[in-house]
Every structure is written in structure tokens, then in C-alpha cells.
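Number 167 in the numbering used here belongs to position 53 of the sequence shown; there are no gaps in the numbering.
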Amino acid sequence: MKLLSIPGKLFRELMAHSHYMIGIVHRYIGNSRSAQWEYEAAIDAFTRALEWKPDFAQVYLDRGILYWREIDHPRKAIHDLTLAMNLDPRLVEAQFNRGIAHQQLREYAEAIADFQAYLAVGEHPYWREHAESMIRELSEWVPEAEAEQ
Numbered sequence: 115m116k117l118l119s120i121p122g123k124l125f126r127e128l129m130a131h132s133h134y135m136i137g138i139v140h141r142y143i144g145n146s147r148s149a150q151w152e153y154e155a156a157i158d159a160f161t162r163a164l165e166w167k168p169d170f171a172q173v174y175l176d177r178g179i180l181y182w183r184e185i186d187h188p189r190k191a192i193h194d195l196t197l198a199m200n201l202d203p204r205l206v207e208a209q210f211n212r213g214i215a216h217q218q219l220r221e222y223a224e225a226i227a228d229f230q231a232y233l234a235v236g237e238h239p240y241w242r243e244h245a246e247s248m249i250r251e252l253s254e255w256v257p258e259a260e261a262e263q
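This is the structure we're talking about:
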């Protein structure tokens with residue numbers, strides 16, 4: 115019985131990775147042509163990949179980045195990036211990108227917390243410098259945001 119489930123699992127993996135790669139191509143074309151519909155097609159392909167493999171952390175990361183950066187849906191980005199982090203804590207770029215999505219929503223304290231968490235584990239010098247810069251800048255805004263509430 116166990117042997118019969120292996121081909122099904124392999125098929126699901128192949129389908130998930132195929133849809134993921136289609137999404138990557140659409141995102142690339144969207145970036146090169148500034149074509150919004152290509153970003154939407156990438157989101158659709160990533161969503162299909164997740165239908166085949168719901169625990170595909172990299173897809174949640176890439177779809178989350180698309181949501182905040184190209185589609186302007188930071189709340190959806192936060193959802194996907196949180197799932198990516200929960201599924202694979204090694205995807206430290208999810209923490210960084212979730213900080214940006216929080217910043218877009220003017221949730222500055224949450225953004226700072228994400229950037230600080232990224233600094234605890236992230237190793238890429240450019241993104242570390244950017245996270246440090248964002249913490250300094252957002253720290254000036256946190257008292258203003260709290261006063262508005």
C-alpha cells in the first residue's frame with residue numbers, strides 16, 4: 115500500500131514545482147516589461163503550486179514578496195510571509211520582507227520587530243545594513259504613530 119502512495123506524492127511534487135517555475139517566469143516577464151497582468155499570472159501559478167503542495171515554503175515567500183512589492187497587498191503579504199517563516203525558519207528573507215509589508219501598513223512597531231529579528235539571523239551585508247537603516251528611520255515614527263491612535 116505504501117508503494118502506491120509514492121507515485122502520487124511524486125506527481126504532486128512535480129506539479130507543484132512546475133507551477134512554481136511557471137510563476138517565476140511570469141514574475142520575470144512582469145519585471146522586465148512592467149506588466150501588471152504578468153504579476154497576476156505569477157500569483158495564480160504560485161497559488162496552483164500551493165494547491166499541489168500546501169507546505170511549499172518558498173512559494174509562500176515568493177508570493178508574499180509579489181503581494182507587497184508588485185501587487186500592493188501588504189496584508190496578504192504578511193499572511194504568506196508568516197506561513198513561509200513557520201514552514202521553514204531558515205527563510206530569513208521572509209522576516210525582512212514581512213517588515214517591509216508592515217511598514218507599508220504603517221505598523222511601525224511590528225516592522226521594527228521584524229527587522230530586529232532579521233538582524234539576529236540574517237547574514238547578507240546589504241540587507242543587514244538596510245534593516246538597520248529601517249530600524250533607525252522607523253524608530254522616529256513609532257511615537258508619532260502611537261500618538262495618532
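Here a beta-carbon is modelled for each residue, glycine too, at the ideal position from N, C-alpha and C. Since this is a predicted model, take the numbers as computed values, not measurements.
Please say whether N211 and G178 have beta carbons closer to each other than 9 angstroms?
Yes, the Cβ-Cβ distance between G178 and N211 is below 9 angstroms.
Threshold first: 4 residues or longer. Then list the alpha helix (DSSP H) segments lying entirely within the segment 137 to 213, N to C.
Those alpha helix (DSSP H) runs which fall completely within the segment 137 to 213 and span 4+ residues are 150 to 166, 171 to 180 and 188 to 201.
Between L124 and H133, what straight-line distance do the alpha-carbon atoms span, to the nearest angstrom?
C-alpha separation (whole angstroms): 14 angstroms.
Leaving out five residues on either side along the sequence, give the residues of the same chain with a beta carbon under 7 angstroms from the beta carbon of I192.
Result list for I192: R212, A215 and H216, in chain order.
If you draw a straight line from the C-alpha of V256 to the C-alpha of P121, how long is it?
Near 53 angstroms, if we compare the C-alpha coordinates of P121 and V256.
For D158, which of D169, A171 and I138 has the nearest alpha-carbon?
Ranking the options by Cα distance to D158, first place goes to I138.
Tell me whether L124 sits in a helix, a strand or coil according to DSSP, three-state version.
Three-state DSSP puts L124 in a helix.
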